[in-house]
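Order-wise, the sequence lines are chains L and S. If you count by the numbering used here, then the first sequence holds residues 34 to 241, one letter each, in order. If you count by the numbering used here, then the second sequence holds residues 827 to 1144, one letter each, in order. Here a beta-carbon is modelled for each residue, glycine too, at the ideal position from N, C-alpha and C.
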Amino acid sequence: MTETEAVVFIVDDDAPMRQSLKNLLRSIGLRAELFASAQEFLQSKRPDLPGCLVLDVRLPGLSGLDLQRRTAEAGIDIPIIFITGYGDIPMSVRAMKAGAVEFLTKPFRDQDLLDAIQQALERDRKARDQRAAIELLRSRFESLTPREREVMVRVVAGLLNKQIGGELGTSETTVKIHRHQVMEKMGAGSLAELVRMADRLGLPVPKS
Amino acid sequence: MPNGSVKFLRVMGRPSEDGSSNFEFVGAVTDITDRKRAEEELHQKEVSLHEAQTELAHVRWLTTMGELAASIAHEVNQPLAAVVNNGSACLRWLAAQNLEEARQSAALVVAEGHRAGEIIRRIRTLAKKTPPQKDWLDLNETIDEVIAMASSEVQQNRVSLQTELADDLPLILGDRIQLQQVILNLLINAVEAMAGAGESPRELGVSSRKASELPTREPNSLQIGELERETLERKNLAEVEWTHVLVAVRDSGPGLDVKNVDPLFKAFHTTKPKGLGMGLAISRSIITAHGGRLWATPNTPRGAIFQFALPIHEERMS
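Encoded structure:
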């Protein structure tokens, strides 16, 4: 586990509470950054690392649930663990429905929090990996020439070289050369793999 | 009646003489059973309405107590959670044989334990009305501290704040924290009263000065300023015996219903949707415990003035 390469953002208006959480996280080698309000968190420049948010529900100004909505609206994709001073079932249902990892009532068992944090960080790492993989595919796709893209779209749609040649008004041999280039540039080892890539890029592929 | 039911009759009559020696009564007998029954039903309804209201009041009281308990629970939970976190961290540091970090964590546990105790102590003070912790203090300083605390509230609600603090204020004997609570309560009330008052100018004034006499009973109809001017005309300024320090918080909100001032100070009376209705009741009991008075008057041209007077103690005056 690469714990040093992750960061836990803690938003709680109570300074000793923030410090105690940081102390707890430090004791297992996790890095924590502290914020006294939702606004402070939104305005901060956050390191580009796998992370998660430990968020108090009751905050002055924007509440924790408001912040959850704001991050979603702003496209900040970060897993959230809620902590609250008093258990409130409707509130926790709302938070969980909106995608929270966990909802803990203070005081909580340290292991419950640490488990939730590990789970949240794992979720963020996966999401980040996925975003990076799609980013890579997209840049590869963008490196294709316009003609190669036309060929790729038709290959993954299941057309034969001859049909593609007919549609584009080129010979079958030329289509073959383009097709080879596409496989090469996209880094696809097989047609099936290319179809999967096209699917992830949102290109139309026939449903099997 | 033969079938055992009861009928209500109304009998009216008056004697009449027809000139001869015959004496007769002329009158009417009315069956009012239906009316009587309707009246009884109405009465029954009133009784159950009253019961419902009593019950509602009780539910409201329970809800309020529930809210109060929730906010106390929140207050105490905070240090408690910090104790648990720091304690857990301490165990982990010990397991890692990092004694210095473990020592610091243990110190934090102790500090947070004290913080929880302090909160409990404050709540108990509030509940048991133990005598306040009195010190000599400059009320102007207390006012300034509170203004600093409330400044974000004041700004957020676009309220313009003016202070007029007398610079010759004698020190008074009082509990700083409790008096802060009172002033903060009055300030926040004023700000909230104006926040609901549309787009009219929101002016908040806080003033302090010495006073030589206080309105005795019904202060509602009396402007303390006028009363004092009269007194001053009669006496030479140097001879005036200052008895009180007066702090007033004026707002330009919707103001008060003059006939309805007293309920404001009752516990659980609130005009705010989220209020506990404890603020003014607690404030008044704090001021009373200081030997002072807290009252409300209408402001001109509109709004309210909440002010309190605290006695000046002689031993410090000379």
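Looking at residue i: is its Cβ nearer than 8 Å to the Cβ of residue j?
i, j, result
"Ile-43 of chain L", "Ala-65 of chain L", "yes"
"Pro-996 of chain S", "Ile-1138 of chain S", "yes"
"Val-1071 of chain S", "Ile-998 of chain S", "yes"
"Ser-96 of chain L", "Val-87 of chain L", "no"
"Arg-158 of chain L", "Pro-80 of chain L", "no"
"Val-980 of chain S", "Leu-1030 of chain S", "yes"
"Ser-1111 of chain S", "Asn-1011 of chain S", "no"
"Asn-966 of chain S", "Ser-1034 of chain S", "yes"
"Val-902 of chain S", "Ile-969 of chain S", "no"
"Gly-1129 of chain S", "Gly-1081 of chain S", "yes"
"Met-1020 of chain S", "Ser-978 of chain S", "no"
"Ser-986 of chain S", "Arg-1028 of chain S", "yes"
"Leu-137 of chain L", "Ile-116 of chain L", "yes"
"Asn-56 of chain L", "Ser-931 of chain S", "yes"
"Asp-961 of chain S", "Arg-918 of chain S", "no"
"Val-1073 of chain S", "Gln-988 of chain S", "no"
"Val-852 of chain S", "Ser-842 of chain S", "yes"
"Ala-933 of chain S", "Pro-905 of chain S", "no"
"Asp-46 of chain L", "Leu-75 of chain L", "no"
"Gly-1000 of chain S", "His-1116 of chain S", "yes"
"Val-208 of chain L", "Gly-198 of chain L", "yes"
"Gly-220 of chain L", "Arg-164 of chain L", "no"
Out of the options, point me to the one whose CA is closest to residue i's CA.
i, options, result
"Thr-206 of chain L", "L:Glu-135, L:Asp-89, L:Lys-195 and L:Ile-122", "L:Lys-195"
"Leu-170 of chain L", "L:Arg-51, L:Pro-83 and L:Glu-217", "L:Glu-217"
"Ala-921 of chain S", "L:Gly-191, L:Gln-76 and L:Ile-61", "L:Ile-61"
"Ala-937 of chain S", "L:Arg-79, L:Leu-147 and L:Ala-48", "L:Ala-48"
"Asp-857 of chain S", "S:Ser-874, S:Phe-851 and S:Val-832", "S:Val-832"
"Asp-964 of chain S", "S:Asp-993, S:Trp-919 and S:Gly-1022", "S:Asp-993"
"Gly-235 of chain L", "L:Ala-190, L:Thr-117, L:Leu-137 and L:Ile-197", "L:Ala-190"
"Ile-113 of chain L", "L:Glu-73, L:Leu-224, L:Pro-123 and L:Glu-155", "L:Glu-155"
"Gly-1118 of chain S", "S:Cys-916, S:Arg-1128, S:Thr-1069 and S:Gly-1081", "S:Thr-1069"
"Asp-110 of chain L", "L:Leu-100, L:Arg-180, L:Leu-224 and L:Leu-58", "L:Leu-100"
"Leu-67 of chain L", "L:Leu-58, L:Arg-51 and L:Asn-56", "L:Arg-51"
"Thr-1114 of chain S", "S:Leu-1005, S:Ala-864, S:Ser-914 and S:Gly-839", "S:Leu-1005"
"Glu-927 of chain S", "L:Val-134, L:Arg-103, L:Thr-203 and L:Arg-59", "L:Arg-59"
"Leu-835 of chain S", "S:Pro-841, S:Lys-862, S:Ser-842 and S:Ser-846", "S:Lys-862"
"Pro-179 of chain L", "L:Leu-192, L:Ser-204, L:Leu-147 and L:Gln-214", "L:Gln-214"
"Ala-915 of chain S", "S:Val-935, S:Phe-849 and S:Ala-899", "S:Val-935"
"Asn-819 of chain S", "S:Gly-1105, S:Ala-1016 and S:Lys-1036", "For residue 819 of chain S there is no data in the structure shown, the boundaries of chain S being 827 and 1144."
Just grab the DSSP bridge partners of residue i for me.
i, result
"Glu-1029 of chain S", "S:Ser-986"
"Ile-1131 of chain S", "S:Arg-1076 and S:Thr-1123"
"Ser-125 of chain L", "Beta-bridge pairing links Ser-125 of chain L to no other residue."
"Glu-850 of chain S", "S:Ser-842"
"Thr-138 of chain L", "L:Thr-117"
"Ile-998 of chain S", "S:Leu-963"
"Pro-1137 of chain S", "S:His-1070"
Three or more C-beta pairs under 8 Å: does that hold for the region 908-918 of chain S against the region 135-145 of chain L?
yes
Can you confirm whether the region 143-156 of chain L touches the region 181-193 of chain L when touching is taken to mean that 3 or more C-beta pairs between the two stretches lie within less than 8 Å?
no
If contact means a Cβ-Cβ distance below 8 Å, which residues of the region 46-60 of chain L contact chain S?
Asp-47, Pro-49, Met-50, Gln-52, Ser-53, Leu-54, Asn-56, Leu-57, Arg-59 and Ser-60
Closer than 7 Å, Cβ to any Cβ of chain S: which residues of the region 197-229 of chain L, in chain order?
none
Please identify, using Cβ separations under 8 Å, the residues of the region 968-986 of chain S that lie next to chain L, in order along the chain.
none
Short-range partners of chain L found in the region 843-875 of chain S, where Cβ spacing is below 8 Å
none
Taking only beta carbons into account, state which residues of the region 1014-1038 of chain S come closer than 9 Å to chain L, listed in chain order.
none
Any C-beta of chain L within less than 9 Å: which residues of the region 904-919 of chain S qualify?
Gln-904, Pro-905, Leu-906, Ala-907, Ala-908, Val-909, Val-910, Asn-911, Asn-912, Gly-913, Ser-914, Ala-915, Cys-916, Leu-917, Arg-918 and Trp-919
Using a Cβ cut-off of 8 Å, which residues of the region 932-945 of chain S contact any Cβ in chain L, in chain order?
Leu-934, Ala-937, Glu-938 and Arg-941
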